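Residue numbers (my numbering), protein chains in the order written: chain S, 749 to 932; chain H, 2 to 183.
This is the structure in structure tokens:
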């Protein structure tokens, strides 16, 4: 749980919307995702990119001004964690709470656990939900992906650069997205 | 290539099939995320031939399933006909596509395959036959890796319910199929 705590500390102390929305005037956001579900398609465009505990951490929301610490009513939040030592290549996983925990807590790279993710929509009409609460539930196996695939390109640098396309399947929902982050 | 010919013959006689849910969201659809933005694929063809569920998605209103029009984006998804409910992942290749068509036994690593193509020509139509040929023989247009969750009890040529997520070269795709299981 040490890494988990560090991750939360980072979210509390950092500002809103760090790198990730590295947009050019005429093109789509370089970091974005689309959620395809039974009711509608949800576009996630606000990106947060950080390094903590040896992993790339990416958060995407459908809100214009997400808090990141709290998930607002109606907000959909996607958290993608990619192992910090991952190299260019194709990776797949069948997610579980155990895989998520190992990815956050272990130092060694296991190709079958190169990444993990969670997806959560706050269906309440008035009550925000703390991200800490959702991450805690994720460690118990909730909100986690069923299976997924990631193609990492370029030369990832922990906490500085990550270029990847990802495709994730959750319970009844699938997500396609891309991250293109390079901190100067 | 016998399978390939049969598949094309099927496309000649098959009609388009798309379904809407009570909520208005299509039951079978997909979204492509790429460097230029997102592309919605809503018109779907669902068929079965040679041991595989075959799904085709497009962004044009009146697709010709045998031809890919200029500007059209086409997704072809193939799922092994004997697949049961469960989670599957794959790292795609031309070999995987060929194996999906030709192997009788179900290999979980080859439970599904897909290809994605946008006809960037301004005037030239592409034949699906040509695109399939490139996929099988040259490995073009094929997914790099992907994930599929099959739900319920699929019935070959009759029903398939699944969520899928695919990564191609510089593109990712999320989608769902819910066909024939009312």
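No residue lacks a Cβ here, since even glycine has one placed at the ideal position from N, Cα and C. Quick caveat: nothing in here was measured; it's all calculated off a predicted structure.
Does residue i get closer than 8 Å to chain S when you measure Cβ to Cβ?
| i | result |
| --- | --- |
| residue 168 (chain H) | yes |
| residue 75 (chain H) | no |
| residue 142 (chain H) | no |
| residue 191 (chain H) | Residue 191 (chain H) lies beyond the stretch modelled for chain H, which goes from 2 to 183, so this question has no answer here. |
| residue 39 (chain H) | yes |
| residue 31 (chain H) | yes |
| residue 21 (chain H) | Caution applies to residue 21 (chain H), whose pLDDT of 47 falls short of 50 and renders its modelled position unreliable; the model cannot decide the point. |
| residue 180 (chain H) | no |
Mind pulling the chain S residues with CB within less than 9 Å of residue i?
| i | result |
| --- | --- |
| residue 165 (chain H) | 915, 917 and 922 |
| residue 153 (chain H) | None at all; the shortest Cβ gap to chain S is about 12 Å. |
| residue 176 (chain H) | 784, 922 and 924 |
Run down chain S in chain order and give the residues with a C-beta less than 7 Å from the C-beta of residue i.
| i | result |
| --- | --- |
| residue 68 (chain H) | Within chain S, no residue comes near residue 68 (chain H); the closest Cβ sits about 26 Å away, beyond 7 Å. |
How close, in whole Å, do the beta carbons of residue i and residue j come, if the pair is a contact with beta carbons under 8 Å?
| i | j | result |
| --- | --- | --- |
| residue 136 (chain H) | residue 98 (chain H) | 6 Å |
| residue 163 (chain H) | residue 175 (chain H) | Contact doesn't hold; Cβ gap of about 12 Å is too wide. |
| residue 34 (chain H) | residue 926 (chain S) | 6 Å |
| residue 74 (chain H) | residue 178 (chain H) | Going by Cβ atoms, the distance from residue 74 (chain H) to residue 178 (chain H) rounds to 17 Å, so no, they are not a contact pair. |
| residue 832 (chain S) | residue 893 (chain S) | No, residue 832 (chain S) and residue 893 (chain S) are not in contact; Cβ-Cβ is about 19 Å, not under 8 Å. |
| residue 63 (chain H) | residue 126 (chain H) | So it is not a contact: roughly 14 Å between Cβ atoms. |
| residue 784 (chain S) | residue 921 (chain S) | 7 Å |
| residue 779 (chain S) | residue 900 (chain S) | Wrong, their Cβ atoms sit about 14 Å apart, outside the cutoff. |
Starting from the beta carbon of residue i, find every residue of chain H whose beta carbon is closer than 7 Å, and list them in chain order.
| i | result |
| --- | --- |
| residue 926 (chain S) | 34 and 173 |
| residue 896 (chain S) | 148 and 166 |
| residue 899 (chain S) | 145, 146 and 168 |
Would you verify that the beta carbon of residue i is, or is not, closer than 8 Å to some beta carbon of chain H?
| i | result |
| --- | --- |
| residue 878 (chain S) | no |
| residue 800 (chain S) | no |
| residue 769 (chain S) | For residue 769 (chain S), the predicted structure reports a pLDDT of 42, less than 50, and the residue's modelled location is therefore unreliable. A value from the coordinates is still provided. Not closer than 8 Å to any Cβ of chain H, the Cβ of residue 769 (chain S) fails to qualify, so no. |
| residue 789 (chain S) | yes |
| residue 842 (chain S) | yes |
| residue 784 (chain S) | yes |
| residue 930 (chain S) | no |
| residue 773 (chain S) | Since pLDDT at residue 773 (chain S) reaches only 41, below the 50 mark, its modelled position is unreliable, and no value is offered. |
| residue 751 (chain S) | Confidence at residue 751 (chain S) is low in this model, with a pLDDT of 49, below 50, so its placement is unreliable and the value that follows should be read with caution. Not an interface residue. |
| residue 754 (chain S) | Its pLDDT being 46, under 50, residue 754 (chain S) is placed unreliably in this model, and the value from its coordinates should be taken loosely. By this cut-off, residue 754 (chain S) is not an interface position. |
Within 10 Å of its beta-carbon, does residue i have 16 or more other beta-carbons around it, so buried, or fewer, so exposed?
| i | result |
| --- | --- |
| residue 155 (chain H) | buried |
| residue 835 (chain S) | exposed |
| residue 865 (chain S) | buried |
| residue 786 (chain S) | exposed |
| residue 36 (chain H) | exposed |
| residue 878 (chain S) | exposed |
| residue 31 (chain H) | buried |
| residue 86 (chain H) | exposed |
| residue 840 (chain S) | buried |
| residue 159 (chain H) | exposed |
| residue 60 (chain H) | buried |
| residue 123 (chain H) | exposed |
| residue 710 (chain S) | In this structure chain S extends from 749 to 932, so residue 710 (chain S) is not present and cannot be described. |
| residue 88 (chain H) | buried |
| residue 871 (chain S) | exposed |
| residue 812 (chain S) | exposed |
| residue 788 (chain S) | exposed |
| residue 108 (chain H) | exposed |
| residue 131 (chain H) | exposed |
Check the Cβ of residue i against every Cβ in chain H and list those closer than 8 Å, keeping chain order.
| i | result |
| --- | --- |
| residue 781 (chain S) | 34 |
| residue 839 (chain S) | 146 |
Could you list which residues in chain S have their beta carbon closer than 8 Å to that of residue i, in chain order?
| i | result |
| --- | --- |
| residue 90 (chain H) | 840, 841, 842, 895, 896 and 897 |
Cβ of residue i within 7 Å of any heavy atom in the ligand HEM?
| i | result |
| --- | --- |
| residue 839 (chain S) | Only the bare structure without any ligand can be found here, which leaves the ligand HEM out of the picture. |
Problem set entry | In chain order, each beta strand (DSSP E) run of at least 3 residues that lies wholly inside the region 48-98 of chain H | You should have 53-59, 74-81 and 87-91.
Exercise. Quick one: complete beta strand (DSSP E) runs, 3+ long, within the region 806-884 of chain S?
Worked result: 824-831, 837-841 and 863-869
For this session: Output the residue ranges of the beta strand (DSSP E) runs that lie fully inside the region 96-183 of chain H and measure 3 residues or longer, sorted by chain position.
Result: Fully enclosed beta strand (DSSP E) runs of 3 or longer: 113-119, 146-156, 160-169 and 172-180.
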